[in-house]
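Participant: Okay, here's the structure, questions in a sec.
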């Protein structure tokens with residue numbers, strides 16, 4: 013196999029093949045990473061109860077994982093801004109593998125603090141999966157960015173569906189070994205994370221973020237901005253970036269808040285574990301399986317249109333689930349629609365966020381986005397239990413629906429604002445050449461496909 017060219021030597025003829033190669037590598041790593049995360053979801057509360065001796069502490073293990081995902085987002089983004097996507101993704105998978113090993117150790121030693129530290133490090137696997145969606149967008153122009161993100165998000169479906177179903181068989185494999193009961197899946201996750209990191213380390217070349225900077229036509233685009241302050245400044249400078257950040261954060265928080273308490277409500281109304289599992293599987297299918305459709309819609313009709321669709325779907329989901337009561341079919345329908353709404357908000361919001369900030373600030377802004385959405389979702393998930401205990405599952409859904417109002421207001425305000433350019437507001441495509449920003453991408457525009465082709469062609473012409 014001919015090795016890929018270095019970032020500074022990519023030509024117009026090589027760019028399409030490089031995009032396909034990058035997408036394929038990210039999809040493979042996402043399948044593995046999604047499998048590693050999903051295998052470790054179900055056993056976490058059981059391990060926490062077993063090691064701590066208290067069922068009241070069972071929620072701390074998944075909470076630690078979410079907290080780890082949030083806290084690691086910014087350091088990983090800073091590393092990517094400085095060194096590129098590859099080192100950041102590899103490090104995240106390695107930390108996730110180390111976390112899986114620590115979970116096994118904490119279980120074996122009956123050390124609850126070690127278990128929680130391991131779960132926090134395990135959350136790095138989720139950080140890698142989240143950052144991979146942005147890596148998919150590095151080498152494509154705005155007119156295809158939604159689809160590029162959605163294909164990588166879709167790949168998570170495979171691991172997310174397989175993971176919970178193989179956790180029990182994996183656990184049985186370790187019976188009679190020194191690996192404690194219920195900890196076997198985390199050893200499996202550690203191996204899978206290492207495989208994902210190996211795929212990225214060997215095959216994600218040249219680095220998509222560094223290549224995008226080399227092709228960018230703006231003067232300071234080659235120098236990445238790494239700090240939280242840089243990310244905040246870039247978001248503050250762009251109203252569209254603020255809308256994108258709010259969309260991703262609220263969509264994720266509303267989804268998590270409803271999802272985590274749905275099994276409790278189903279159980280109160282007589283559902284068994286098998287039925288609960290089917291409802292959650294349908295929800296996961298809604299989250300990931302239709303992401304290519306959401307990506308196509310975001311590219312074809314514009315980011316704002318799909319954000320509006322997300323608000324509508326999430327609102328309908330809250331209505332269905334919140335009024336279902338003992339009607340399990342209605343709850344299942346609500347959770348499926350909830351997944352669709354999350355998919356629309358996550359993909360359109362991620363694409364708009366990438367569109368709306370300069371190339372040099374993207375990694376920092378993307379890290380800020382993942383930090384914000386995971387921190388908010390962690391708080392939302394914790395608050396959801398209090399709301400359900402005090403007022404019930406219906407009021408929880410009403411509260412989640414109320415969270416959507418700021419997104420709807422911001423999206424409506426942006427859509428009613430007069431645009432100063434061509435029909436890019438409809439298509440979601442950016443300018444073909446440098447110049448004024450697209451109405452979808454206020455602020456300094458990213459080079460679109462034609463501009464990149466021109467930049468790469470110039471490099472080819474300049475070769476000796």
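Residue numbers (the numbering used here): 13 to 476.
Even glycine gets a Cβ: it sits at the ideal position worked out from N, Cα and C.
(1) Alpha carbon to alpha carbon, how far is residue 416 from residue 331? Give it in angstroms, no decimals.
(2) If we require 4 or more residues per run, which alpha helix (DSSP H) segments fall completely within the region 41-66?
(3) Residue 135 and residue 78: beta carbons closer than 8 angstroms?
(4) Count the other C-beta atoms from every protein chain shown that fall within 10 angstroms of the C-beta of residue 402, then say buried if there are 16 or more, exposed otherwise.
(5) Name the two residues that bound the continuous alpha helix (DSSP H) containing residue 342.
(6) Measure the beta-carbon distance from residue 220 to residue 150 and round it to whole angstroms, keeping in mind my assumption that it falls under 8 angstroms.
(7) Closer than 7 angstroms by C-beta to residue 170: which residues in its own chain qualify, once you throw out the five before and the five after it? Chain order, please.
(8) From this set, 104, 132 and 156, which residue's C-alpha is nearest residue 144's C-alpha?
(9) How would you write the range of the alpha helix (DSSP H) that residue 247 sits in, first residue to last?
(10) Over the uninterrupted alpha helix (DSSP H) stretch that includes residue 277, give me the two end residues.
(11) Touching or not, the region 367-377 and the region 159-175, by the rule of three or more beta carbon pairs under 8 angstroms?
(12) Considering only their Cβ atoms, is the gap separating residue 137 from residue 260 smaller than 8 angstroms?
(13) Grab me the residues of residue 256's own chain with a C-beta within less than 7 angstroms of its C-beta, minus the 5 sequence neighbours each way, in chain order.
(14) Is residue 382 helix, strand or coil by DSSP?
(15) May I ask which residues mark the beginning and end of the alpha helix (DSSP H) holding residue 311?
(16) I'd like the list of long-range same chain contacts for residue 61, defined as Cβ closer than 8 angstroms, with 5 residues on each side in sequence excluded.
(17) Assign residue 59 to one of two classes, buried (16 or more other C-beta atoms within 10 Å of its C-beta) or exposed (fewer than that).
(18) On a CA-only basis, which of 252, 400 and 128 is nearest residue 114? Give me that one, please.
(19) Using C-beta distances below 8 angstroms, list every residue in its chain close to residue 211, excluding the 5 sequence neighbours before and after it, in chain order.
(20) Which class does residue 75 belong to by DSSP, given the choice of helix, strand or coil?
(21) Three or more beta-carbon pairs under 8 angstroms between the region 405-420 and the region 258-272, yes or no?
(22) DSSP three-state call for residue 223: helix, strand or coil?
(23) Cα separation between residue 234 and residue 173?
(24) Quick one, which of 102, 351 and 294 has its alpha-carbon nearest residue 207's?
(25) Helix, strand or coil: how does DSSP classify residue 22 here?
(26) Compare the beta carbon distance of residue 106 and residue 175 with 8 angstroms and say whether it is the shorter of the two.
(27) For residue 351 and residue 288, what's the separation of their Cα atoms in angstroms?
(28) Considering only the alpha carbon of each residue, which of 199, 161 and 155 lies closest to residue 130?
(29) Output the distance between the C-alpha atoms of residue 275 and residue 344, rounded to the nearest integer angstrom.
(30) Where do the N-terminal and C-terminal ends of the alpha helix (DSSP H) with residue 118 fall, by residue?
(31) Answer yes or no: do residue 140 and residue 97 have a C-beta to C-beta separation smaller than 8 angstroms?
(32) Among 317, 315, 340 and 247, which residue has its Cα nearest to the Cα of residue 378?
(33) My understanding is that residue 262 touches residue 303, with C-beta atoms under 8 angstroms, so please give their C-beta distance in whole angstroms.
(34) Got a sec, what are the start and stop residues for the alpha helix (DSSP H) residue 138 sits in?
Facilitator: To lay it out plainly:
(1) Indexing the chain shown from 1 puts residue 331 at position 319. Indexing the chain shown from 1 puts residue 416 at position 404. Spanning the two alpha carbons is a distance of roughly 13 angstroms.
(2) 55-64
(3) Along the chain shown, read from residue 1 onward, the residue named residue 135 stands at position 123. Along the chain shown, read from residue 1 onward, the residue named residue 78 stands at position 66. Yes, these two residues count as a Cβ contact at 8 angstroms.
(4) For this step, residue 402 is matched to residue 390 along the chain shown. So residue 402 ends up on the exposed side.
(5) The residue given as residue 342 occupies position 330 in the chain shown. 340-368 is the span of the alpha helix (DSSP H), which, as asked, contains residue 342.
(6) As a working note, residue 220 is residue 208 in the chain shown. As a working note, residue 150 is residue 138 in the chain shown. Confirmed, Cβ separation roughly 4 angstroms.
(7) For the purposes of this step, residue 170 is identified with residue 158 of the chain shown, where counting begins at 1. Closer than 7 angstroms at the Cβ level, and outside the excluded window around residue 170, lie 43 and 46.
(8) As a first step, residue 144 is located in the chain shown; it is residue number 132 there, counting from the start. It is 104.
(9) Mapped onto the chain shown, residue 247 falls at position 235. It spans 240-248 - the alpha helix (DSSP H) in which residue 247 sits, taken as one unbroken run.
(10) Translated into the one-based positions of the chain shown, residue 277 becomes position 265. Taken as a continuous stretch (DSSP letters only), the alpha helix (DSSP H) holding residue 277 covers 251-280.
(11) no
(12) Counting from one through the chain shown, the residue named residue 260 turns up at place 248. Counting from one through the chain shown, the residue named residue 137 turns up at place 125. No, Cβ-Cβ distance for residue 260 and residue 137 is not below 8 angstroms.
(13) The residue you call residue 256 lines up with position 244 of the chain shown. Closer than 7 angstroms at the Cβ level, and outside the excluded window around residue 256, lie 361, 364, 365 and 368.
(14) As a working note, residue 382 is residue 370 in the chain shown. Reduced to three states, the DSSP call for residue 382 is helix.
(15) The residue you call residue 311 lines up with position 299 of the chain shown. Taken as a continuous stretch (DSSP letters only), the alpha helix (DSSP H) holding residue 311 covers 303-313.
(16) Translated into the one-based positions of the chain shown, residue 61 becomes position 49. These residues qualify, in order along the chain: 67, 69 and 70.
(17) By one-based count along the chain shown, residue 59 stands at place 47. Buried, because 16 or more other Cβ atoms sit within 10 Å of the Cβ of residue 59.
(18) Residue mapping note: residue 114 aligns to position 102 of the chain shown, counting from 1. The residue with the shortest Cα to Cα distance from residue 114 is 128.
(19) Here residue 211 refers to the residue found at position 199 of the chain shown. Excluding positions up to five away in sequence, the list reads 37, 40, 41 and 44.
(20) By one-based count along the chain shown, residue 75 stands at place 63. The answer is helix: DSSP assigns residue 75 an H, G or I state.
(21) yes
(22) Here residue 223 refers to the residue found at position 211 when the chain shown is read from its first residue. In this structure, residue 223 counts as helix in the three-state DSSP scheme.
(23) Looking up residue 234 in the chain shown gives position 222. Looking up residue 173 in the chain shown gives position 161. Confidence in residue 234 is poor, its pLDDT being 47 and thus under 50, which makes the residue's placement too unreliable to answer from.
(24) Stepping through the chain shown from its first residue, residue 207 is reached at position 195. When only C-alpha atoms are compared, the closest one is 102.
(25) Locating residue 22 in the chain shown gives position 10, where the first residue counts as 1. Coil at residue 22, not helix or strand.
(26) Position 94 of the chain shown, counted from the start, is the residue given in the question as residue 106. Position 163 of the chain shown, counted from the start, is the residue given in the question as residue 175. Taking 8 angstroms as the Cβ cut-off, residue 106 and residue 175 do not qualify as a contacting pair.
(27) One-based indexing of the chain shown puts residue 351 at position 339. One-based indexing of the chain shown puts residue 288 at position 276. Cα-Cα distance, rounded: 15 angstroms.
(28) Looking up residue 130 in the chain shown gives position 118. Of the listed residues, the one whose Cα sits closest to residue 130 is 199.
(29) Sequence index remark: in the chain shown, residue 275 carries index 263 (1-based). Sequence index remark: in the chain shown, residue 344 carries index 332 (1-based). Those two C-alpha atoms are separated by around 11 angstroms.
(30) Residue mapping note: residue 118 aligns to position 106 of the chain shown, counting from 1. Per DSSP, residue 118 belongs to the alpha helix (DSSP H) from 97-120.
(31) Numbered from its first residue, the chain shown carries residue 140 at position 128. Numbered from its first residue, the chain shown carries residue 97 at position 85. Contact flag unset, no.
(32) On the chain shown, position 366 is the one that residue 378 refers to. Out of 317, 315, 340 and 247, 247 has the C-alpha closest to the C-alpha of residue 378.
(33) Translated into positions along the chain shown, residue 262 becomes position 250. Translated into positions along the chain shown, residue 303 becomes position 291. That belief does not hold up - the Cβ atoms of residue 262 and residue 303 are roughly 18 angstroms apart, past 8 angstroms.
(34) In the chain shown, the residue the question calls residue 138 occupies position 126. Per DSSP, residue 138 belongs to the alpha helix (DSSP H) from 136-149.
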